[in-house]
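J.:
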Amino acid sequence: MKKKPTQNDGTGDEDDEDEPGVVHIEDFPPGYPRFSALLASDKVFQVWRRFSILRTRLLLLKQDELSQLEEQLENIDAQDEDENPLYLASRRSDLNEKRKTVLNKIDDALKDYDSFLERNQRALNLETSSDRAISNLKYWDEANGELTREETKYMKRTRDLFCLLGNSTWSDRLIRLVGRRFMDDTFTKDADVNIPPEPVRRTLLVLQAAVMAALLFTPVIICNFVNELTNRMIIIVATTAIFIAALSFLSRMRTVDLVIAGTTYATVLVVFISGTNGLGN
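Our numbering puts the first residue of the sequence shown at 351, with every later residue one more than the last.
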C-alpha cells in the first residue's frame, strides 16, 4: 500500500511523519479492509461465530436421513426373508437391486455424516471467546463504525463466539500490561488499541522460561541442604503444586495434561532426591 509523500515545512518536526514501510490499520480503506486489518493484528481478535444451533439442526437432519434409509433396508430385508432368503445368505446371489441402491445411499450418507461429525467436534471444542476480546471489538465498531450494524450484530451472540487461536493466557495479559509502557504505533495510531511490540513479547517469554527453570531447579538445590525425609517430601509436594499452578497460569494446557506434567515433575524430583543424602550427611 502506497502512501502520499509528505513535505517537511521546515519546523524540524519530523517525528510526526510515519516511518517508511510501516502500514497502520488506519491506512487501510474504511469498511471490510480496515476491520480485517484489525482482526488480523492480534490473535485475541480472531473471534468468530460457532453457529452451534445450525450445526445441531443439520446434524439432526442427517441423522434422520440415515434413520429413513435404515428403515428402508430393514423393510427390504424383511420382505426377502420370506420370499428370497438366499438373497440374504449370499452377496453374490443377491439380485435385489433395491437393496443395493439403498446400501449405496447409506454409504454416501454415512460418509457425509461422519465428516460432519468430525467438523462439528473440532468447532464445538474450540475455546469460547473471552468477554474482554468481544468488548474490545464492540468498542472499536462503535467508535469507528467500519461495518453496517447488520453485519456486526454477530458480536451480540456472545455465547456462540469462539476464539480461533485461543484466549489470552496469564502470560499474554502480562505482555499486554508491560507492553503498554513501551507501546509504539506500528499497527495502529489509535491510542485505545494496545498491541505490544515484538521485542517486549520476546523479552517476557525469555523471563517466563527463566521462571520455569527456577521452578525446576530450586527444589533440587534446597533438598541438597535438607536431611530429613519428611521435610524433603513437603518440599516436593509444595513445589509440585506451585509448578502446576504456574503452568495453568502461563499456558492453556488441559486438566489431564496438567496432571501428567505435575506427575512427571514430582517423579523426577523423587528419583533425584532418593539418590542423594543431603550435604549435611
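Even glycine gets a Cβ: it sits at the ideal position worked out from N, Cα and C.
#1: I need the boundaries of the beta strand (DSSP E) containing residue 441, first residue and last residue.
#2: Using DSSP with H/G/I as helix, E/B as strand and the rest coil, what is residue 511?
#3: Only counting the same chain, and skipping five residues up and downstream in sequence, which positions put a Cβ closer than 6 angstroms to that of residue 515?
#4: Going by alpha carbons, who is nearest to residue 381 out of 564, 492, 399?
#5: Terminal residues of the continuous alpha helix (DSSP H) containing residue 469?
#6: What does DSSP give as the partner residues of residue 397 in its beta bridges?
#7: Measure how close the beta-carbons of residue 476 and residue 512 come, nearest whole angstrom, since I'm counting them as under 8 angstroms.
#8: Answer yes or no: do residue 589 and residue 569 have a C-beta to C-beta separation smaller than 8 angstroms?
#9: Say whether the segment 591-605 touches the segment 552-567, bearing in mind that this needs 3 or more beta-carbon pairs closer than 8 angstroms, one atom from each stretch.
#10: How should residue 496 be labelled, buried or exposed, when 16 other C-beta atoms within 10 angstroms of its C-beta is the threshold for buried?
#11: According to DSSP, simplified to helix, strand and coil, what is residue 498?
#12: In the DSSP assignment, find the unbroken alpha helix (DSSP H) run with residue 480 in it and report its ends.
#13: Alpha carbons only, please: which of 474, 463, 506 is nearest the one belonging to residue 483?
#14: Helix, strand or coil, according to DSSP, for residue 562 in the structure here?
#15: Would you tell me roughly how many angstroms separate the C-alpha atoms of residue 577 and residue 480, rounded to the nearest one?
#16: Would you check if the distance between the CB atom of residue 474 and the CB atom of residue 399 is smaller than 8 angstroms?
#17: Out of 500, 621, 455, which has the shortest C-alpha to C-alpha gap to residue 582?
#18: Nearest by alpha-carbon distance to residue 508: which of 494, 463, 486 is it?
#19: Can you tell me the Cα-Cα spacing of residue 490 and residue 478, whole angstroms?
#20: My parser needs the alpha helix (DSSP H) runs of 4 or more residues fully inside the segment 575-606; what are they?
#21: Residue 603 to residue 610, Cα distance in whole Å?
#22: Comparing C-alpha positions only, which one of 405, 388, 615 sits nearest to residue 468?
T.: To lay it out plainly:
#1: Numbered from its first residue, the sequence shown carries residue 441 at position 91. No beta strand (DSSP E) holds residue 441; DSSP gives it neither H nor E.
#2: The sequence position of residue 511 within the sequence shown is 161, counting from 1. The answer is strand: DSSP assigns residue 511 an E or B state.
#3: The residue you call residue 515 lines up with position 165 of the sequence shown. Answer for residue 515: 393, 396, listed in chain order.
#4: Looking up residue 381 in the sequence shown gives position 31. Nearest option by C-alpha distance: 492.
#5: Indexing the sequence shown from 1 puts residue 469 at position 119. Unbroken alpha helix (DSSP H) run through residue 469: 447-474.
#6: Taking the first residue of the sequence shown as 1, we reach residue 397 at position 47. Answer is 513.
#7: The sequence position of residue 476 within the sequence shown is 126, counting from 1. The sequence position of residue 512 within the sequence shown is 162, counting from 1. Confirmed, about 4 angstroms.
#8: As a position in the sequence shown, residue 589 is number 239, starting the count at 1. As a position in the sequence shown, residue 569 is number 219, starting the count at 1. Yes, Cβ-Cβ distance for residue 589 and residue 569 is below 8 angstroms.
#9: yes
#10: On the sequence shown, position 146 is the one that residue 496 refers to. So residue 496 counts as buried.
#11: For the purposes of this step, residue 498 is taken as the residue at position 148 of the sequence shown. Here residue 498 sits in coil by DSSP.
#12: Reading the sequence shown from its first residue, position 130 is the one you call residue 480. Segment: none, residue 480 is in no alpha helix (DSSP H) and carries neither H nor E.
#13: Mapped onto the sequence shown, residue 483 falls at position 133. Closest by alpha carbon: 506.
#14: Here residue 562 refers to the residue found at position 212 when the sequence shown is read from its first residue. Three-state DSSP puts residue 562 in a helix.
#15: Taking the first residue of the sequence shown as position 1, residue 577 is located at position 227. Taking the first residue of the sequence shown as position 1, residue 480 is located at position 130. When rounded, the distance between both Cα atoms is 48 angstroms.
#16: To locate residue 474, count along the sequence shown from 1; it is residue 124. To locate residue 399, count along the sequence shown from 1; it is residue 49. No, the pair does not count as a contact, with Cβ atoms beyond the cut-off.
#17: Sequence index remark: in the sequence shown, residue 582 carries index 232 (1-based). That would be 621, whose Cα lies nearest to the Cα of residue 582.
#18: Indexing the sequence shown from 1 puts residue 508 at position 158. Here the closest residue by C-alpha is 486.
#19: In the sequence shown, the residue the question calls residue 490 occupies position 140. In the sequence shown, the residue the question calls residue 478 occupies position 128. In a straight line, the C-alpha of residue 490 is about 20 angstroms away from that of residue 478.
#20: 579-600
#21: Taking the first residue of the sequence shown as 1, we reach residue 603 at position 253. Taking the first residue of the sequence shown as 1, we reach residue 610 at position 260. One C-alpha to the other measures close to 11 angstroms.
#22: Indexing the sequence shown from 1 puts residue 468 at position 118. Nearest option by C-alpha distance: 405.
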